[in-house]
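Read the structure below first, then the notes.
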């Protein structure tokens, strides 16, 4: 039986891991390669590196960061943040990424999804969707969560799949950094609408939040950052907790 | 010396990194003629089965030649599917045909959340009584990383099967010194490195 994946995310700025609360107020959390080494030992199923560097200069260091992280792990590695072209994707894939995650660029030029899927295969293309509740719908936000794209998250996930995306990385803007639990309604709505895996993100604060998103939320994978960064929670203990509640995991 | 065959189906960075970590001597041949004398051949692959069309007649003859000469061959993912007679993903492209059977698309079952592609970690279950060089020291039930929509059938060559929803497919095959894995050993942590290490040992 296919296991539910537990994914560790590092938000990286200028080569250092940081973690924000609702995309702001960044705190320093360490060296990416060092964290990756720890995750590899602890039983994380996959690692995501999200580059939140705004400057071109900082962006050049991303390839170095990816290379350093890839050197520490024999696990799937996804990289996102500011990937706007086929050349950007090639740079991080050549540095050791197995998958690229597209966000703003996918909305602005959805044909990039298809271009990358044709070149590297759909399994290498993740479309990241940042969603926020507005009344009773889920709106897609872009530009690191600053602009309403006026699109519906479920409808956009379906289009991304049809254009060749291999996975959806779905972040709840309302829950990101709050530790109040994943948005299970959002996750279930998207996961039920597509036939590709959905990675739930935003809001992880305790073990039962993972239980909820894997059951009620119908997530295929769940991503968290800070609860793993500061070694507050052991990945192994989380997986035992999930297994004991009948959720298939890799232990 | 191991030949890592590059037929332009995605990137080989992860496989190279794993082989390097295991201390293997390997290279990427530019032409089929460079396969002469190698002690093992790896055909990796991610992406679409049509890309195996780049392995044209000279490559097919050279790879078969090494196998006949006793060199172990390992196909990974699409590279494994290519060892069979063909795949429903592109029926016009013949596989190498050193293993009997054809690869078919996984059906999945969206209503109960069994999705295709099959992406993630899943268990290797050896059929009863299986003896395997490739999986030596790998505990039954060990999990490895998959990402694929098509899969080979469970045949007599199957040394480990994997189940996704209601479907069971061949996850690892072994016929003499021809080996294939549908999963990605290079992304499967310690278990994957052990399997690649077993292959490298068979090449010595």
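Chains as they are written, first to last, in the working numbering: chain A, 23 to 273; chain B, 436 to 639. Backbone N, C-alpha and C define an ideal beta-carbon position, used for all residues, glycine too.
Contact set between residue 481 of chain B and chain A, taken where Cβ atoms lie within less than 8 Å: Numbered from 1 along the second chain, position 46 holds the residue referred to as residue 481 of chain B. Residues of chain A passing the Cβ test: 142, 143, 145, 146.
Contact check, residue 142 of chain A vs residue 489 of chain B, beta carbons under 9 Å: The count along the first chain starts at 1 and reaches residue 142 of chain A at position 120. The count along the second chain starts at 1 and reaches residue 489 of chain B at position 54. Their beta carbons are not under 9 Å apart, which means residue 142 of chain A does not touch residue 489 of chain B by this criterion.
According to the Cβ coordinates, are residue 71 of chain A and residue 102 of chain A closer than 9 Å? As a working note, residue 71 of chain A is residue 49 in the first chain. As a working note, residue 102 of chain A is residue 80 in the first chain. Yes.
Per DSSP, what kind of secondary structure is residue 555 of chain B in: helix, strand or coil? Numbered from its first residue, the second chain carries residue 555 of chain B at position 120. It is a strand residue.
Against chain B, with Cβ distances strictly below 9 Å, would residue 54 of chain A count as a contact? Residue 54 of chain A sits at position 32 when you count from the first residue of the first chain. Not an interface residue.
Can you tell me which of the three DSSP states residue 237 of chain A falls into? As a working mapping, residue 237 of chain A is identified with position 215 in the first chain. Three-state DSSP puts residue 237 of chain A in a helix.
Inter-residue Cα distance where the pair is residue 614 of chain B and residue 636 of chain B: Counting from one through the second chain, the residue named residue 614 of chain B turns up at place 179. Counting from one through the second chain, the residue named residue 636 of chain B turns up at place 201. Cα to Cα, the separation comes out at about 13 Å.
Per-residue contacts from residue 580 of chain B into chain A (C-beta, under 7 Å): On the second chain, position 145 is the one that residue 580 of chain B refers to. What residue 580 of chain B touches in chain A: 98.
How far does the alpha helix (DSSP H) with residue 263 of chain A in it extend, from its first residue to its last? The residue given as residue 263 of chain A occupies position 241 in the first chain. Looking at the DSSP string, the run of the alpha helix (DSSP H) that includes residue 263 of chain A is 257-266.
Starting from residue 181 of chain A and walking both ways along the beta strand (DSSP E), at which residues does that stretch end? As a working note, residue 181 of chain A is residue 159 in the first chain. That residue, residue 181 of chain A, is in no beta strand (DSSP E); its alpha helix (DSSP H) goes 175-184.
Kindly indicate which three-state DSSP category residue 230 of chain A falls into: helix, strand or coil? What you label residue 230 of chain A is simply residue 208 of the first chain in a count that begins at 1. Three-state DSSP puts residue 230 of chain A in a helix.
Would you mind telling me which residues of chain A sit closer than 8 Å to residue 552 of chain B, beta carbon to beta carbon, in chain order? Here residue 552 of chain B corresponds to residue number 117 of the second chain, with the count starting at 1. Going along chain A in sequence order, the residues near residue 552 of chain B (Cβ under 8 Å) are 144, 145, 188, 218, 219.
How many Å lie between residue 482 of chain B and residue 183 of chain A at the Cα? Translated into positions along the second chain, residue 482 of chain B becomes position 47. Translated into positions along the first chain, residue 183 of chain A becomes position 161. In a straight line, the C-alpha of residue 482 of chain B is about 16 Å away from that of residue 183 of chain A.
Just the C-alpha distance for residue 44 of chain A and residue 31 of chain A, rounded to the nearest angstrom, thanks. Translated into the one-based positions of the first chain, residue 44 of chain A becomes position 22. Translated into the one-based positions of the first chain, residue 31 of chain A becomes position 9. Bear in mind that a pLDDT of 40 at residue 44 of chain A, under 50, signals an unreliable position, so the number given afterwards is only what the model happens to contain. About 15 Å.
Nearest to residue 598 of chain B by CA position, among B:549, B:621, B:498, is which residue? Position 163 of the second chain, counting from 1, holds the residue named residue 598 of chain B. Checking every option, the nearest Cα to that of residue 598 of chain B belongs to B:549.
Applying the 10 Å Cβ sphere with the 16-neighbour rule, what's the burial state of residue 443 of chain B? Mapped onto the second chain, residue 443 of chain B falls at position 8. Exposed, since its Cβ has fewer than 16 Cβ neighbours within 10 Å.
Fully enclosed by the region 512-560 of chain B, which alpha helix (DSSP H) runs are 4 residues long or longer? As far as the region 512-560 of chain B is concerned, its whole alpha helix (DSSP H) runs of at least 4 residues are 513-518.
According to DSSP, residue 121 of chain A sits in a beta bridge with which residue or residues? Against the first chain, residue 121 of chain A aligns to sequence position 99. The partner list for residue 121 of chain A (beta bridge, DSSP) reads A:100.
Work out the CA separation of residue 129 of chain A and residue 576 of chain B for me, nearest whole Å. Here residue 576 of chain B corresponds to residue number 141 of the second chain, with the count starting at 1. Here residue 129 of chain A corresponds to residue number 107 of the first chain, with the count starting at 1. Near 41 Å, if we compare the C-alpha coordinates of residue 129 of chain A and residue 576 of chain B.
9 Å Cβ cut-off: residues of chain B touching residue 199 of chain A: Taking the first residue of the first chain as position 1, residue 199 of chain A is located at position 177. Simply none; closest approach about 26 Å.
I need the DSSP call for residue 618 of chain B, collapsed to helix, strand or coil. Translated into the one-based positions of the second chain, residue 618 of chain B becomes position 183. Coil, per DSSP.
How should residue 591 of chain B be labelled, buried or exposed, when 16 other C-beta atoms within 10 angstroms of its C-beta is the threshold for buried? In the second chain, counting from the first residue as 1, residue 591 of chain B sits at position 156. Result: exposed.
So what does DSSP say about residue 462 of chain B, is it helix, strand or coil? Your numbering for residue 462 of chain B matches position 27 in the second chain. Reduced to three states, the DSSP call for residue 462 of chain B is strand.
Is there a C-beta anywhere in chain B that falls below 9 Å from the one on residue 213 of chain A? On the first chain, residue 213 of chain A is found 191 positions in, with the first residue counted as 1. Output row for residue 213 of chain A: interface = yes.
Helix, strand or coil: how does DSSP classify residue 109 of chain A here? By one-based count along the first chain, residue 109 of chain A stands at place 87. Residue 109 of chain A falls in the helix class under three-state DSSP.
Grouping DSSP H, G and I as helix and E and B as strand, with all else coil, what is residue 212 of chain A? Position 190 of the first chain, counted from the first residue, corresponds to residue 212 of chain A. Three-state DSSP puts residue 212 of chain A in a helix.
Under the rule that 16 or more other beta-carbon atoms within 10 Å means buried, what is residue 463 of chain B, buried or exposed? Your numbering for residue 463 of chain B matches position 28 in the second chain. Counting Cβ neighbours within 10 Å, residue 463 of chain B comes out exposed, since fewer than 16 surround it.
Is it buried or exposed for residue 437 of chain B, if we count other Cβ within 10 angstroms and need 16 for buried? As a first step, residue 437 of chain B must be located in the second chain, where it is residue number 2. So residue 437 of chain B counts as buried.
Pick out whichever of B:528, B:511, B:595, B:512 has its Cα sitting closest to the Cα of residue 564 of chain B. Taking the first residue of the second chain as position 1, residue 564 of chain B is located at position 129. Residue 564 of chain B has its Cα closest to that of B:595, out of B:528, B:511, B:595, B:512.
Contacts that residue 621 of chain B makes with chain A (C-beta to C-beta distance below 7 Å): As a first step, residue 621 of chain B must be located in the second chain, where it is residue number 186. The answer, in chain order, is 96.
What does residue 272 of chain A reach in chain B if we use C-beta pairs closer than 8 Å? Walking along the first chain from the start, residue 272 of chain A turns up at place 250. Result: 556, 578.
Would you call residue 639 of chain B buried or exposed, if buried means 16 or more other Cβ atoms sit within 10 Å of its Cβ? Your numbering for residue 639 of chain B matches position 204 in the second chain. Exposed: under 16 other Cβ atoms inside 10 Å.
Buried or exposed: residue 179 of chain A, going by 16 or more other Cβ atoms within 10 Å of its Cβ? What you label residue 179 of chain A is simply residue 157 of the first chain in a count that begins at 1. Residue 179 of chain A should be labelled buried.
Candidates B:510, B:466, B:491, B:461: closest to residue 630 of chain B by CA position: Taking the first residue of the second chain as 1, we reach residue 630 of chain B at position 195. Of B:510, B:466, B:491, B:461, the residue nearest in Cα terms is B:510.
In whole angstroms, what separates the C-alpha of residue 504 of chain B from that of residue 26 of chain A? Against the second chain, residue 504 of chain B aligns to sequence position 69. Against the first chain, residue 26 of chain A aligns to sequence position 4. Distance between the alpha carbons of residue 504 of chain B and residue 26 of chain A is about 43 Å.
If you count every other CB in all the chains shown that lies within 10 Å of the CB of residue 46 of chain A, and 16 or more means buried, which is it? The sequence position of residue 46 of chain A within the first chain is 24, counting from 1. Annotation note: pLDDT 41 at residue 46 of chain A (below 50); position unreliable, no value reported.
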